[in-house]
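A.B. asks: Got a structure for you, questions after.
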Amino acid sequence: MPSFFDQVYAVVRQIPPGKVASYGQVAALLGHPRAARTVGWALAALRGENDSDVPWQRVINSQGRVSIRNMEHAPEEQQMLLEAEGVEFNLNGYTDWQRFGWAGLSAVELEALLAAL
DNA sequence: GCCCTGACTGCTA
DNA sequence: TTAGCAGCCAGGG
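Now the structure itself:
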């Protein structure tokens with residue numbers, strides 16, 4: 304039985320370049336619409352592991368903007384990484400959820416993904 | 001098993 | 001748009 308963390312990482316790895324998802328969206332996919340905080344914690348744990356293949360920068364909050372309280376990764380850095388992938392931000396630091404928001408996974412894809420863990 | 005913590009969320013003002 | 005508040009879930013000590 305994979306831990307919640309493993310499931311979070313598996314889902315985040317499915318986010319294609321140029322797209323972004325919210326913490327709540329990832330949590331909802333895993334069946335826990337209220338576990339956004341835990342998802343954020345799971346991604347925070349990746350901070351030290353630079354060799355990880357999890358695109359943590361593609362996960363932002365529901366308001367469409369980055370919200371990092373981390374000393375090692377400034378919000379500007381995450382925004383810069385996303386812009387390099389094609390995601391645009393307006394002057395207020397908000398991204399266009401309608402254009403760059405990730406649609407998520409289908410029930411079938413999700414099931415196969417979690418089964419692979 | 002209890003308590004604390006955290007890169008969140010939705011609502012109200 | 002920003003600020004304050006309470007509810008949520010899982011892992012670590």
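Going left to right, the first sequence walks through residues 304 to 420 as my numbering numbers them.
Quick reminder that beta carbons are idealized off the backbone N, C-alpha and C, glycines included.
The structure presented is a predicted model; accordingly, all values stated were derived computationally and were not measured.
Quick check on the DSSP output: the alpha helix (DSSP H) that includes residue 418 runs from which residue to which?
C.D. replies: Note, residue 418: alpha helix (DSSP H), 410-418.
A.B. asks: Report the CB separation of residue 318 from residue 368 in whole angstroms; it is logged as a contact under 8 Å.
C.D. replies: At roughly 17 Å, the Cβ-Cβ gap does not stay under 8 Å, so residue 318 and residue 368 are not in contact.
A.B. asks: Just tell me which of 332, 382, 364 has its CA closest to the CA of residue 412.
C.D. replies: Checked all of 332, 382, 364; the closest Cα to residue 412 is 332.
A.B. asks: Given a threshold of 16 other Cβ atoms within 10 Å of its Cβ, counted over all protein chains shown, does residue 394 qualify as buried or as exposed?
C.D. replies: When all chains shown are included, residue 394 counts as exposed.
A.B. asks: Less than 8 Å between the beta carbons of residue 357 and residue 342, yes or no?
C.D. replies: Not closer than 8 Å, so no.
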